[in-house]
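Peer 1: Before anything else, here's the structure in question.
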């Protein structure tokens, strides 16, 4: 019975690392595909002239940086046990700054795009 509990314990201990690798890489890949798709759509000639498209284009670029820096370092550190933030202090500081900055920028740009659409719809209703 002790061997069974040891097997279960080792499986439960390995599970977070495997989930960090599998789910993290899945989120990383789909996030990058989404950001690249948004960048292509919102940088088209038709949408480039609209203010909300500019906000959403920059939001997609901000999210692209977020996915490629923060999520990738998390996958490497938590999934593959690579001590990136403990070995390099500058990466730790940049990661902290990037997590706060990109979240705020992304939320602000999405809010600006939403406000732009609301105000332009109000202007069209009055005319």
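In my numbering, the protein residues as written are 14 to 140. Ideal Cβ placement from N, Cα and C applies to all residues, glycine included. Owing to the predicted nature of the structure, the values given are computational and were not obtained by experimental measurement.
1. What residue ranges within the stretch 47-133 form continuous alpha helix (DSSP H) runs of no fewer than 4 residues, ordered along the chain?
2. Pairs of beta-carbons, one from the stretch 54-71 and one from the stretch 82-99, closer than 8 Å: are there three or more?
3. Would you say residue 77 faces chain E, with C-beta separation under 9 Å as the test?
4. So is residue 134 buried or exposed if we call it buried at 16+ other beta carbons inside 10 Å?
5. Please determine if the stretch 45-57 and the stretch 96-109 are in contact, where contact requires at least 3 C-beta pairs separated by less than 8 Å.
6. Beta-carbon within less than 7 Å of residue 32's beta-carbon, same chain only, minus the 5 sequence neighbours each way: which residues are those?
Peer 2: According to the data block:
1. 58-61, 64-79 and 97-100
2. no
3. No chain E appears in this structure, which consists of one protein chain only.
4. Taking the chain shown and counting its residues from 1, one reaches residue 134 at position 121. Exposed: under 16 other Cβ atoms inside 10 Å.
5. no
6. By 1-based counting over the chain shown, the position of residue 32 is 19. Closer than 7 Å at the Cβ level, and outside the excluded window around residue 32, lies no residue.
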